[in-house]
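Counting from 14, one number per residue, gives the positions in the sequence shown under the numbering used here.
Note that beta-carbon positions come from the ideal geometry of N, C-alpha and C, so glycine has one too.
The structure appears below as structure tokens.
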Amino acid sequence: MQQINILIENYLSKLYIPSMRWSDVAEILIIAFLMYYILLWVKNTRAWALLKGVLVIAVFVLVAVIFNMNTILWIVSNLFSIAAIAIVVVLQPELRKAIEELGRKNFFSSIITFDSSKSDNDSFSDRTINEIVKASVEMGKVKTGALIVIQNEQPLNEYERTGIDVDGIVSSQLLINIFEHNTPLHDGAVIVKNNRITAATCYLPLSDNMELSKELGTRHRAGVGISEVTDSMTVIVSEETGKISVAYGGKLESSLDAEHLRGTLKSIQNKPAEEKKRKLWKGKGRLKNEE
């Protein structure tokens with residue numbers, strides 16, 4: 014027993030335990046604070062999907078290291094600097110916004126409310142669905158073009174910034190009034206988050222999918238485009254024919270009636286993203302491009 018105690022004392026005597034100063038504690042807290050909000054920023058931007066892709070690549074690189082795949086390691090080492098530049102280019106809008114936040118006077122008050130995931134994750138209600146369906150049908154009858162983007166799990170903040178803030182409860186009257194011809198807000202898309210219209214006249218990315226019908230206009234290509242880069246669902250009312258379409262997951266479903274549209278919107282309500290996509294597009298192996 015005495016020998017064991019001697020061994021333990023000798024082991025502990027060789028351990029180096031650095032002294033802790035108050036500045037060290039402050040440094041740890043600052044780094045933890047910065048890392049926390051960097052992760053929140055990554056989660057609320059396209060960087061989250063990019064980070065998951067980078068992790069997948071990192072796993073393959075780790076396998077290459079374990080099995081000494083020299084050719085793959087040589088390619089990775091030579092492409093690393095190019096990849097770093099590419100990431101900066103891809104995330105340029107998000108990086109610019111983050112740097113702008115640093116220069117604002119109300120920086121500390123803004124970062125306190127930076128994590129808005131609690132409200133963003135709430136789904137929209139049946140009332141909101143009914144109001145969107147009612148507005149779409151009424152606008153279809155009079156051939157009023159409309160583009161309504163419904164946020165799902167991925168935030169649409171970067172697209173909201175391209176439009177005009179509305180922040181109003183979703184109602185058929187408000188939607189019809191926004192898209193009425195010759196009104197200031199009719200051009201562009203409306204973004205619906207939870208049960209509110211957050212912004213109007215928003216610009217959306219256009220799809221370059223060659224499988225889409227050439228007869229489809231900018232409104233339909235914008236609806237498909239936003240569904241390709243986010244998990245949102247877009248309701249489109251054609252100005253030429255009055256037909257109602259839905260874009261989701263890069264696919265377009267056309268000529269929907271009120272009940273079909275209501276069921277489609279309910280399919281993404283209160284369900285995980287993968288389950289929504291499987292339920293909505295199960296059995297649909299091709300795009301429906303009828304206008």
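Going by DSSP, which residues form a beta bridge with Ile98? Here residue 98 corresponds to residue number 85 of the sequence shown, with the count starting at 1. In DSSP, Ile98 forms no bridge with anything.
Cα-Cα, which of Ala148, Arg275, Glu241 and Glu252 is closest to Ala260? Within the sequence shown, the letter at position 247 stands for residue 260. For Ala260, the nearest C-alpha among the options comes from Glu241.
Among Val248, Asn208 and Glu228, which residue has its Cα nearest to the Cα of Phe192? As a working mapping, residue 192 is identified with position 179 in the sequence shown. Put simply, of Val248, Asn208 and Glu228 the residue whose alpha carbon is nearest the alpha carbon of Phe192 is Val248.
Where does Met33 fall in DSSP's three states? Translated into positions along the sequence shown, residue 33 becomes position 20. Note: Met33 maps to coil in three-state DSSP.
Spatial distance of Pro197 from Ile204 (CA atoms): Looking up residue 197 in the sequence shown gives position 184. Looking up residue 204 in the sequence shown gives position 191. Rounded to whole angstroms, Pro197 to Ile204 spans 16 angstroms at the Cα level.
Candidates Val101, Ile21, Lys256 and Thr243: closest to Lys156 by CA position: Here residue 156 corresponds to residue number 143 of the sequence shown, with the count starting at 1. For the residues Val101, Ile21, Lys256 and Thr243, the minimum Cα distance to Lys156 belongs to Lys256.
How is the beta strand (DSSP E) around Ile281 delimited, first residue to last? As a first step, residue 281 is located in the sequence shown; it is residue number 268 there, counting from the start. No residue range can be given for Ile281, since it is assigned to no beta strand (DSSP E) and is classified by DSSP as neither H nor E.
Mark Thr231 as exposed unless 16 or more other C-beta atoms lie within 10 angstroms of its C-beta, in which case mark it buried. Translated into positions along the sequence shown, residue 231 becomes position 218. With fewer than 16 other beta carbons inside 10 angstroms of its own, Thr231 counts as exposed.
Hey, out of Ser268, Asp244, Phe93 and Met223, whose CA is closest to Val162's CA? By 1-based counting over the sequence shown, the position of residue 162 is 149. It is Asp244 whose Cα lies nearest to the Cα of Val162.
Can you grab the Cα-Cα spacing for the pair Met82 / Ser184, in whole Å? Sequence index remark: in the sequence shown, residue 82 carries index 69 (1-based). Sequence index remark: in the sequence shown, residue 184 carries index 171 (1-based). Between the C-alpha atoms of Met82 and Ser184 there is a straight-line separation of about 59 angstroms.
Are the beta-carbon atoms belonging to Leu86 and Val76 less than 8 angstroms from one another? Residue 86 sits at position 73 when you count from the first residue of the sequence shown. Residue 76 sits at position 63 when you count from the first residue of the sequence shown. Between Leu86 and Val76, the C-beta spacing is not below 8 angstroms.
Leaving aside the five residues before and after Lys206 along the sequence, list all residues of the same chain whose C-beta is less than 6 angstroms from its C-beta, in chain order. Here residue 206 is taken as the residue at index 193 of the sequence shown, counted from 1. The residues Gln164, in chain order, have a CB closer than 6 angstroms to that of Lys206 in the same chain once the five nearest residues on each side in sequence are set aside.
When we look at the beta-carbon of Met246 and count the other beta-carbons within 10 Å, is it buried (16 or more) or exposed? Within the sequence shown, residue 246 is the residue found at index 233, counting from 1. Under this definition Met246 is a buried residue.
Tell me which residues share the same chain as Lys131 and place their Cβ nearer than 7 angstroms to its Cβ, disregarding the 5 neighbours each side in the sequence. Indexing the sequence shown from 1 puts residue 131 at position 118. Confidence at Lys131 is low in this model, with a pLDDT of 40, below 50, so its placement is unreliable and the value that follows should be read with caution. Excluding positions up to five away in sequence, the list is empty.
Close-in-space but distant-in-sequence residues of the same chain around Ala11 (CB under 7 angstroms, 5 per side omitted): The first residue shown for the chain is 14 and the last is 304, placing residue 11 beyond what the model contains.
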